[in-house]
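Engineer: Quick note: the sequence shown uses full-length UniProt numbering, first residue 1, plus one each step.
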Amino acid sequence: MSHWLCSLYGYKPPAPVIDLSGLVRLGTQPLGEGGFGDCWQGLLPGKGEVAMKCSHGNIPEESVLRRARREANVWQNLHHPNILPFLGLTTLDSITYLVSPWMENGDLLAYVKKNPDVDCLKLLVQIAKGVEYLHTFDPVVVHGDLKAANILITENGEAHIADFGLAHGLVEGGGSSENYSTAWKYGGNVRWQAPEIMKATTDEQAKRTTKSDMFAFGRVITEVYTQDVPFAYQSGTLVIVNWVMSGELPTRPTDAGTIARGLDDRMWGLVKDCCRKRPFLRLTAKDAVRRLQAALEIRDGSRRSSFFTRTFSG
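The structure is reproduced here in structure tokens:
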């Protein structure tokens, strides 16, 4: 009977908590803070250093558990080279943590700042492949908060999409958002947020989609090449909101350093095609992967040709 009800109403029972006995939290202060939680460093026998994410202390315990369970239910099913692995959900001293591998290189923005000569195009291909995986998963997974701060870098320089606190695994066009908090429905930062989300007047309109994810991916491209957040030159939130709602893009950088890192006409065209004001005009993740891989092949082919010319001429 219970199985029949689950099928009828599309309900999935909560996944069992992954027991991480022996986990130790290190330090007395969180190493990072996000809109919904703090990140601590921990130690897990057999795994070494791990990251431990928990919600802010001023959130009611029931909401904390619901939010952590929701994120875990989405995250634990995802397995891809460019998705941060989920290790488990555990409670220490009455605080619930989501646990993942520790990334020594930190987030994407910090990484490109620290390593100005990094291969930006290669990183973007990896991120796009991660997004494509989410958007072709069954059911579709919408990340909902894609930005450089939520993309972590492994010790080998590989990009891993992280932080699924605003993600949902509903089939687009179906399901209800009534069980989600107001903070979840309207979460996110205006620098990466799509105009249709800002204009939303109902919960359904505020629901993030694969199209709003691709809008945010366009912003991530600018972060990688400029080594800064979108609209870094503007601190006024309302000004940015007005710009985004009118379809205005961040100002295209013209400095030699940014251009040398790869923000050429082709790449700026990709930014524009991801950040179209009308959602149905935006690229899909599959389109983005195809165009980025083509750009990578053209660049590498040009480098090989130049190498052979220098080597065998004269």
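For each residue, glycine too, the CB sits at the ideal point set by N, CA and C. Here the structure is a predicted model, which means the values were calculated and not measured.
1) Mind checking who residue 25 pairs with in its DSSP beta bridge?
2) From residue 121 to residue 234, what distance separates their C-alpha atoms?
3) For residue 82, tell me which candidate among 265, 156, 222, 216 has the shortest Cα-Cα distance.
4) Using the C-alpha atoms, what's the distance from residue 116 back to residue 140?
5) So for residue 99, helix, strand or coil by DSSP?
6) Let's see if you can read the secondary structure: which residues bound the beta strand (DSSP E) around residue 90?
7) Taking only the alpha-carbon atoms, compute the straight-line gap between residue 316 and residue 299 and give it to the nearest angstrom.
8) Thinking C-alpha only, which one of 124, 113, 168, 207 is nearest residue 68?
9) Which residues bound the beta strand (DSSP E) around residue 274?
10) Output the distance between the C-alpha atoms of residue 288 and residue 132, rounded to the nearest integer angstrom.
11) For residue 158, which residues of its own chain have a beta-carbon under 8 Å away from its beta-carbon, when the five flanking residues on both sides are left out?
12) What is the C-beta distance between residue 152 and residue 84, in whole angstroms, given that I count them as a contact (C-beta under 8 Å)?
13) By a C-beta neighbour count over all protein chains shown, 10 Å radius and 16 as the cutoff for buried, is residue 45 buried or exposed?
14) Just to confirm my understanding: we take residue 237, look at its own chain, exclude 5 residues before and 5 after, and list those with CB closer than 8 Å. What are they?
15) Rounded to the nearest angstrom, what separates residue 268 and residue 222 at their Cα positions?
16) Rounded to a whole number of angstroms, what is the C-alpha to C-alpha distance between residue 107 and residue 263?
17) Which residue from 253, 128, 296, 276 puts its Cα closest to that of residue 193?
18) Report all residues from its chain with a CB closer than 7 Å to the CB of residue 315; omit the five preceding and five following residues, and keep chain order.
19) With 16 as the cutoff for other CB atoms within 10 Å, does residue 18 come out buried or exposed?
20) When DSSP labels each residue in this structure, what does residue 216 get in the three-state scheme?
21) Quick check: the region 242-254 against the region 193-207, are there 3 or more CB pairs under 8 Å?
22) If we count the other Cβ atoms within 10 Å of its Cβ and call it buried at 16 or more, is residue 181 buried or exposed?
Structural biologist: Looking at the atomic coordinates:
1) 42
2) 26 Å
3) 156
4) 34 Å
5) strand
6) 88-92
7) With the chain covering 1 to 314 only, the question about residue 316 has no answer from this structure.
8) 168
9) Careful: residue 274 lies outside any beta strand (DSSP E), inside the alpha helix (DSSP H) at 265-274.
10) 9 Å
11) 81, 82, 126
12) 6 Å
13) exposed
14) 190
15) 8 Å
16) 20 Å
17) 276
18) Since the first residue shown for the chain is 1 and the last is 314, residue 315 is missing from the structure and cannot be characterised.
19) exposed
20) helix
21) yes
22) In this prediction, residue 181 scores a pLDDT of 46, lower than 50, which makes its location untrustworthy; the coordinate-derived value is nonetheless stated afterwards. Under this definition residue 181 is an exposed residue.
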